[in-house]
Amino acid sequence: MIRDITIGQYYRADSVIHRLDPRVKIVGTLLYIISLFAFRGFAGYAAAVVFFGVIVFLSKVPLSYILRGLKPVFFVLIFTSVLNLFWTPGESFFTWGVIDLTWEGLYKTIFIALRLIFLVLGSSLMTFTTTPNQLTDALEKLLGPLRHLRVPVHELSMMMSIALRFIPILVDETDKIMKAQAARGADFESGSIMQRLKSMVPILIPLFVSAVRRADDLALAMDARCYHGGAGRTKMHPLRYRGQDFVAYIVCICYSLLIFVV
Amino acid sequence: MKDGKREGRNGEAVLAESHNLVHEYSRRDEDGNVTGIVRAVDGVDIQIKQGDFVAVLGANGSGKSTFAKHLNALLFPTEGTVYIDGMNTLEQDNILAVRQTAGMVFQNPDNQIIANVVEEDVGFGPENMGVPTEEILCRVEESLKEAGVYEYRKHSPNRLSGGQKQRVAIAGIMAMRPKCIILDEATAMLDPSGRKSVMQTVQRFNRRENITIILITHFMEEAAKADYIYVMKQGKVALSGMPLQVFGQIGKLEECRLEVPQVTQIVRKLRAAGVFVREDILSIDELAEELLKIRNCS
Numbered sequence: 001m002i003r004d005i006t007i008g009q010y011y012r013a014d015s016v017i018h019r020l021d022p023r024v025k026i027v028g029t030l031l032y033i034i035s036l037f038a039f040r041g042f043a044g045y046a047a048a049v050v051f052f053g054v055i056v057f058l059s060k061v062p063l064s065y066i067l068r069g070l071k072p073v074f075f076v077l078i079f080t081s082v083l084n085l086f087w088t089p090g091e092s093f094f095t096w097g098v099i100d101l102t103w104e105g106l107y108k109t110i111f112i113a114l115r116l117i118f119l120v121l122g123s124s125l126m127t128f129t130t131t132p133n134q135l136t137d138a139l140e141k142l143l144g145p146l147r148h149l150r151v152p153v154h155e156l157s158m159m160m161s162i163a164l165r166f167i168p169i170l171v172d173e174t175d176k177i178m179k180a181q182a183a184r185g186a187d188f189e190s191g192s193i194m195q196r197l198k199s200m201v202p203i204l205i206p207l208f209v210s211a212v213r214r215a216d217d218l219a220l221a222m223d224a225r226c227y228h229g230g231a232g233r234t235k236m237h238p239l240r241y242r243g244q245d246f247v248a249y250i251v252c253i254c255y256s257l258l259i260f261v262v
Numbered sequence: 001m002k003d004g005k006r007e008g009r010n011g012e013a014v015l016a017e018s019h020n021l022v023h024e025y026s027r028r029d030e031d032g033n034v035t036g037i038v039r040a041v042d043g044v045d046i047q048i049k050q051g052d053f054v055a056v057l058g059a060n061g062s063g064k065s066t067f068a069k070h071l072n073a074l075l076f077p078t079e080g081t082v083y084i085d086g087m088n089t090l091e092q093d094n095i096l097a098v099r100q101t102a103g104m105v106f107q108n109p110d111n112q113i114i115a116n117v118v119e120e121d122v123g124f125g126p127e128n129m130g131v132p133t134e135e136i137l138c139r140v141e142e143s144l145k146e147a148g149v150y151e152y153r154k155h156s157p158n159r160l161s162g163g164q165k166q167r168v169a170i171a172g173i174m175a176m177r178p179k180c181i182i183l184d185e186a187t188a189m190l191d192p193s194g195r196k197s198v199m200q201t202v203q204r205f206n207r208r209e210n211i212t213i214i215l216i217t218h219f220m221e222e223a224a225k226a227d228y229i230y231v232m233k234q235g236k237v238a239l240s241g242m243p244l245q246v247f248g249q250i251g252k253l254e255e256c257r258l259e260v261p262q263v264t265q266i267v268r269k270l271r272a273a274g275v276f277v278r279e280d281i282l283s284i285d286e287l288a289e290e291l292l293k294i295r296n297c298s
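As given, the protein sequences belong to chains E and Y, one line each in that order. So for the first sequence, our numbering puts the first residue at 1; every next one is plus one. So for the second sequence, our numbering puts the first residue at 1; every next one is plus one.
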């Protein structure tokens, strides 16, 4: 069912990592990504791989699930690897015609590929273990200080969570409109690219009209329930750090120190 | 009169009242020039007591929804005044208190649920009011249970049926501790079973907690459950009274483009055909009982 699509890629499980405060996970992921670019040498890579492995183990998310996250970057990976492998000057160990492989090229290929892979895996692990709602909440809290610079942080996070709420509804609606158009003889599957693009117009216009109407209704409903911006608002589930979150912060800091020192 | 509680016909507190309420929409062309003025509500005087179950009936375009939006301070009078629990809706400082006192359930279930999880949506109102966290959790649990949707508290609203969504919306209003719930055609998009569950929920709140219910509808069967009915036509109150009094005036109802409920029609036809059934029957169950009684007697 089209209704069942999940936004983001949350993997429901009950683990230490799932229970961590989302702020810890965002900060931790950022630190991890920075660390990937900060170190040189095998020891650093080994530390990064081991650290990631431990967290995956703790998160109870199956490895096959996490590896699936690599699919979209597969081509980028191949592309950079090929470039690095064949066009890095240095001491060659294999020559055949125009092909000239160098040790430097080989190292670079492996390291850059690993960096990319762990960059993607690290951030997708965060989305696997954190619901989109928690993410918007955490972003609101973390970016909170920007309020003083007149950045509408609360409004932005409210917009994000409303968008998340309405994506499945609009997907459903698109499906309905497409079926209605198809029942009237519209053809979305054949023809040149231009023709197919043109056939999208009768889908997009009703969709926009209905989205605007929904937005209007929703604004009224929010008004009716006393919504008046972020001022004086309390939270039903406020983010509160607990013991495990401080432990997680300490672990992240230790890991970063280790990487930067090595 | 501005702030003090007022007393109604029978000495009970008046919750909502409108004095000569007029609302005009201006129609504009593409350049923003006013091309015409539509009087959606035209001189409405209504007084609703605390704990009443009132239905406002009317065909499409009769102004009933526009009237309802005044009770929630979503629209403001062009002329006249509206008081909710003694507060004038025109005063800026009263708006939040008015909206908290009279909560509103809208027609489209999807377009009034804000959060991605049922319980968080119910908590939305109290969050806006600045209720402390523990109190919010308490209220949310209570209202979800009372509205009969507690088991779905962790679900996404997208997976609920229309009736369940409307009950979540009602729970969201109850969590704000209102004195009144306005249902603005809240059952119009529901299937019969969803409609029934929503009606049962609001009736329960009405009876158990003395919450005033203002039901805006064009379903006669729903209006039959009310204590008092106002029928609107072209922005004016054309007819008002207890359900039986209103349904008795078939000609006038037809002028308002409304149909008498089926049960009332059957009772009338039976009586006309010489079957002696009681005149004050409003529900199918009552009629069935009465007919069984008659069969057993003869």
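C-beta: ideal position from N, C-alpha, C; glycine also.
- The beta carbon of E:Ala221 sits closer than 7 Å to some beta carbon of chain Y.
- Y:Leu215 carries a strand assignment under DSSP once its states are collapsed to helix, strand and coil.
- Taking the beta carbon of E:Ile162 as reference, the chain Y residues within 8 Å of it are Ile114, listed in sequence order.
- What Y:Asp110 touches in chain E, judged by beta-carbon distance under 7 Å, is Ile169, going in chain order.
- Distance from the CA atom of E:Val54 to the CA atom of E:Ala13, rounded to whole angstroms, is 16 Å.
- Taking 8 Å as the Cβ-Cβ cut-off, the stretch 80-104 of chain Y approaches chain E at Leu96, Arg99, Gln100, Gly103, Met104, given in chain order.
- Runs of the beta strand (DSSP E) lying entirely within the stretch 199-261 of chain Y, each at least 3 residues long, are 212-217, 228-233, 236-241 in chain order.
- Annotation: E:Ser124 is outside any beta strand (DSSP E); the continuous alpha helix (DSSP H) that includes it extends over 103-129.
- Sixteen is the threshold: since fewer than 16 other Cβ atoms of the shown chains lie within 10 Å of the Cβ of E:Cys254, the residue is exposed.
- The alpha-carbon separation between Y:Glu24 and Y:Gly43 amounts to approximately 11 Å.
- Against chain E, the CB of Y:Thr133 has a partner CB under 7 Å away; the residue lies at that interface.
- Excluding five sequence positions before and after E:Leu207, the CB atoms of its chain that fall closer than 8 Å to its own CB belong to Leu170, Glu173, Thr174, Ile177, given in chain order.
- Inter-residue distance for E:Lys25 and E:Asp137 is about 12 Å (C-alpha atoms, whole angstroms).
- Among the CB atoms of chain E, one or more fall inside 7 Å of the CB of Y:Met129.
- Taking the Cα positions, E:Val56 is about 7 Å away from E:Leu63.
- If you compare the alpha carbons of Y:Leu15, Y:Val34, Y:Leu75 with that of Y:Val22, the shortest gap goes to Y:Leu75.
- At least one C-beta of chain E is nearer than 7 Å to the C-beta of Y:Asn158.
- At a cut-off of 7 Å between C-beta atoms, E:Ala224 counts as an interface residue with respect to chain Y.
- Inter-segment contact for the stretch 100-115 of chain Y and the stretch 206-226 of chain E is present: three or more beta-carbon pairs are separated by less than 8 Å.
- Within the stretch 230-251 of chain E, Gly232, Arg233, Thr234, Lys235, Met236, His237, Pro238 place their CB atoms closer than 8 Å to a CB of chain Y, listed in sequence order.
- The beta carbon of Y:Phe124 falls within 7 Å of a beta carbon belonging to chain E, placing the residue at that interface.
- Here Y:Asn94 is buried. Its C-beta has 16 or more other C-beta atoms within 10 Å.
- For E:Cys226, the secondary structure class from DSSP, reduced to helix, strand or coil, is coil.
- What Y:Val118 touches in chain E, judged by beta-carbon distance under 9 Å, is nothing: the nearest beta carbon there is about 12 Å away.
- Interface criterion not met: the Cβ of Y:Ile213 is under 7 Å from no Cβ in chain E.
- Judged by DSSP in its simplified three-state form, Y:Thr81 adopts strand.
- Under DSSP, Y:Glu24 takes part in a beta bridge, and its partners are Y:Arg39.
- Considering only Y:His155, Y:Ile214, Y:Val149, Y:Leu160, the residue with the shortest C-alpha distance to Y:Ile181 is Y:Ile214.
- The alpha-carbon separation between Y:Glu185 and Y:Gly51 amounts to approximately 20 Å.
- Between the alpha carbons of E:Arg184 and Y:Asp191 lies a gap of roughly 27 Å.
- For E:Tyr10, no Cβ of chain Y is located within less than 7 Å of the residue's own Cβ.
- E:Gly69 carries a helical assignment under DSSP once its states are collapsed to helix, strand and coil.
- Per DSSP, E:Phe246 is one residue of the alpha helix (DSSP H) stretching across 243-261.
- In this model, Y:Thr133 and Y:Met220 are separated by some 42 Å (Cα to Cα).
- Taking 9 Å as the cut-off between beta carbons, the residues of the stretch 99-133 of chain E near chain Y are Thr131, Pro132, Asn133, in sequence order.
- If the five residues before and after Y:Arg167 are omitted, its C-beta is found closer than 7 Å to the C-beta atoms of Ala147, Gly148, Val149, Ser197, Val198, Thr201, all from its own chain and listed in chain order.
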